[in-house]
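Engineer:
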Amino acid sequence: MKKLIASLLILVIGIGAVAAFQMEAYGGVGAEFYYAEGFQNTRISDYRIYGTSEGSLLLNLADMNKSGVLITVQGGVRYETIPNLYALGEVCLGFISMDTYALQFEMGGLFMFPMSLFVPNLHVGVGAKVGAFDFTKALGRAEILPGTTPPVILEAGTISNGDSIEFSTLGLSITPFVDFTFDLGSFLAIGVDIGFQWAISFKSALYANKSIEVSTDSQDFYMPNSSYPPTRMSMSPVVSLTGFKANAHVTYRW
71 MKKLIASLLI LVIGIGAVAA FQMEAYGGVG AEFYYAEGFQ NTRISDYRIY GTSEGSLLLN
131 LADMNKSGVL ITVQGGVRYE TIPNLYALGE VCLGFISMDT YALQFEMGGL FMFPMSLFVP
191 NLHVGVGAKV GAFDFTKALG RAEILPGTTP PVILEAGTIS NGDSIEFSTL GLSITPFVDF
251 TFDLGSFLAI GVDIGFQWAI SFKSALYANK SIEVSTDSQD FYMPNSSYPP TRMSMSPVVS
311 LTGFKANAHV TYRW
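Just so we're aligned, residue 71 is where the sequence shown starts under the numbering used here, counting upward by one.
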């Protein structure tokens with residue numbers, strides 16, 4: 071996901087450098103709603119293959135079930151493809167806690183009305199963005215449970231003591247918005263954009279060393295405190311960023 075974001079942002083910048091009437095870069099802060107539910111504490115194990123000689127790892131995920139307002143920092147570029155019509159690419163990052171964050175990439179378009187409205191130097195535009203987000207909790211280093219046999223050997227790969235572990239949920243978003251920009255000069259402006267975002271997750275998985283992926287529909291998740299034979303469990307976590315969304319930004323033009 072992060073490689074995709076970097077590639078798309080480079081593409082937006084590259085196209086803009088060649089084709090733009092006017093290029094703009096902006097950064098700022100924002101706020102959006104979020105909720106996450108359906109996360110459960112679980113245990114991942116190779117019991118299905120090795121029986122009582124299993125290797126097992128406890129995952130504390132229940133504290134990902136949260137809701138509230140996510141404060142984000144954002145950065146982006148937009149360029150004028152034809153007069154008053156802009157293409158844009160944007161990245162925003164928000165931390166729910168020190169180990170849980172949401173990373174979002176969006177692309178879209180913006181039409182700025184050609185005349186100042188209401189107040190001199192104030193410009194109003196309407197636009198829409200589509201994007202993808204990654205809701206991630208870093209779980210630290212793997213510690214194979216005492217009394218089990220390391221490593222945890224799964225069809226997806228092998229998880230050993232000390233491997234970095236994270237749980238990630240991916241989703242898609244669409245956001246229509248209104249933009250208000252106030253010119254401070256030829257090269258500098260400040261502004262806000264306000265919109266309503268629809269964003270819902272579609273995939274969740276455990277990652278070890280960012281390369282081994284174990285989807286939540288895997289048969290290797292078990293109840294955390296079950297006795298032998300362990301009881302399989304399934305998770306269907308949902309992350310949503312649906313709701314009103316606002317950003318304040320400073321823009322530099324060239």
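Idealized CB from N, CA, C, for every residue including glycine.
If you compare alpha carbons, which of Phe109, Gln92, Asn111 and Ser126 is closest to glycine 217?
Structural biologist: For the residues Phe109, Gln92, Asn111 and Ser126, the minimum Cα distance to glycine 217 belongs to Ser126.
Engineer: Taking 8 Å as the threshold (C-beta atoms), are glycine 265 and threonine 325 in contact?
Structural biologist: Outside the displayed range of the chain (71 to 324) lies residue 325, so it cannot be described from this structure.
Engineer: In three-state terms, what does DSSP make of alanine 298?
Structural biologist: Alanine is not the amino acid found at residue 298; the sequence shown has tyrosine there. In this structure, tyrosine 298 counts as coil in the three-state DSSP scheme.
Engineer: Leaving out the 5 sequence neighbours to the left and right, which residues in its chain are closer than 7 Å to leucine 128 when beta-carbon positions are compared?
Structural biologist: Excluding positions up to five away in sequence, the list reads Arg113, Leu215 and Pro294.
Engineer: Return yes when at least one heavy atom of the ligand GTP lies under 7 Å from the C-beta of aspartate 290, else no.
Structural biologist: For the ligand GTP, the structure offers nothing, since it holds no ligand at all.
Engineer: Going by CA-CA distance only, name the one from Leu311, Ala318 and Ser123 that's closest to glycine 201.
Structural biologist: Out of Leu311, Ala318 and Ser123, Leu311 has the C-alpha closest to the C-alpha of glycine 201.
Engineer: Give a yes or no on whether the C-beta atoms belonging to serine 271 and phenylalanine 165 are separated by under 8 Å.
Structural biologist: No, the pair does not count as a contact, with Cβ atoms beyond the cut-off.
Engineer: Quick one: is serine 238 buried, meaning 16 or more other Cβ sit within 10 Å of its Cβ, or exposed?
Structural biologist: The residue is buried, with at least 16 neighbouring Cβ atoms inside 10 Å.
Engineer: So what's alanine 132 in DSSP terms, helix, strand or just coil?
Structural biologist: Helix.
Engineer: Going by alpha carbons, who is nearest to phenylalanine 250 out of Met182, Gly159, Met303 and Leu242?
Structural biologist: Per the Cα distances, Met182.
Engineer: Are the CB atoms of serine 115 and proline 299 within a distance shorter than 8 Å?
Structural biologist: Contact flag unset, no.
Engineer: Once DSSP output is grouped into helix, strand and coil, what is the label at glutamine 267?
Structural biologist: The answer is strand: DSSP assigns glutamine 267 an E or B state.
Engineer: What did DSSP end up calling tryptophan 324 once you bin it into helix, strand or coil?
Structural biologist: Three-state result, tryptophan 324: coil.
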